[in-house]
Amino acid sequence: MKSKLSVLEGSFTIHRFPPNYEIPIRLFEGLFCNITRSEDEVSVICSSAVELDSLIADPGWSCIKVIGPLDLTLTGLLADILNVLAKVEISIIAISTFDTDYIFVKSTKIHAAIDALLQAEYRFKQ
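Under my numbering, residues 1 to 126 are what the sequence shown spells out, in order.
Encoded structure:
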């Protein structure tokens with residue numbers, strides 16, 4: 001049986017900051033925020049309603065959530081979802097947390113992504 005999915009409400013923006021960027025506490029007020037730091041950059045994905053003065057911003061993303069929690073030993077689920085989306089030429093950004101996976105697609109492609117996943121027998125929470 002395929003996993004159940006949901007689409008998070010709202011639009012998201014992907015931001016790029018320098019590696020020494022100090023994270024503002026207001027980022028944690030929304031329903032979803034991802035912060036990744038490397039030696040080269042800090043990347044933030046958050047609600048587009050949160051205004052940040054980033055070096056580069058790419059707005060207009062929607063988020064598909066895999067309903068979890070998922071077992072950490074589970075294999076192939078994210079790969080299968082990404083393969084479905086790749087076949088219909090939808091680019092993604094994937095994020096995994098301890099409990100689940102999140103797949104970001106451009107908002108202009110969200111309906112095509114949902115259609116492709118439904119055809120692949122994934123179910124969406126109403």
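Here a beta-carbon is modelled for each residue, glycine too, at the ideal position from N, C-alpha and C.
Determine the closest residue to residue i out of the options, with distance taken between C-alpha atoms.
{"i": "Glu22", "options": "Gly30, Glu41, Thr13", "result": "Glu41"}
{"i": "Ser38", "options": "Asn20, Ala116, Ile93, Ala86", "result": "Asn20"}
{"i": "Val88", "options": "Ile114, Gly68, Pro24", "result": "Ile114"}
{"i": "Ile64", "options": "Leu82, Gly30, Thr36, Ser48", "result": "Leu82"}
{"i": "Gly60", "options": "Leu52, Phe17, Phe104", "result": "Phe104"}
{"i": "Leu5", "options": "Tyr102, Ser107, Lys106", "result": "Tyr102"}
Would you mind sorting residue i into buried or exposed? The rule is 16 or more other CB atoms within 10 Å of its CB.
{"i": "Phe12", "result": "buried"}
Output the boundary residues of the alpha helix (DSSP H) element that contains residue i.
{"i": "Asp80", "result": "77-87"}
{"i": "Leu117", "result": "110-119"}
Which same chain residues, not among the five before or five after residue i, have their C-beta less than 7 Å away from its C-beta?
{"i": "Glu121", "result": "Lys2"}
{"i": "Arg16", "result": "Glu41, Ser43, Ser54, Leu55, Ile56"}
{"i": "Ile112", "result": "Sequence check: residue 112 is Ala here, not Ile. These residues qualify, in order along the chain: Val88, Ile90."}
Looking only at its own chain, which residues have a Cβ that is under 6 Å from the Cβ of residue i, when we skip the five neighbours before and after it?
{"i": "Asp58", "result": "Ile14"}
Can you give me the start and stop residues for the beta strand (DSSP E) that residue i sits inside?
{"i": "Ser11", "result": "Looking at the DSSP string, Ser11 is not in any beta strand (DSSP E), and its letter there is neither H nor E."}
{"i": "Asn34", "result": "33-37"}
{"i": "Tyr21", "result": "Run containing Tyr21: none; DSSP gives neither H nor E here."}
{"i": "Ile67", "result": "It is not in any beta strand (DSSP E) - Ile67 carries neither H nor E in the DSSP assignment."}
{"i": "Val50", "result": "Careful: Val50 lies outside any beta strand (DSSP E) and carries neither H nor E."}
{"i": "Ile93", "result": "93-96"}
Looking only at its chain, what residues have a beta carbon closer than 8 Å to the beta carbon of residue i, apart from the 5 residues adjacent to it on each side?
{"i": "Leu117", "result": "Leu5, Ile64, Ile81, Val84, Leu85, Phe124"}
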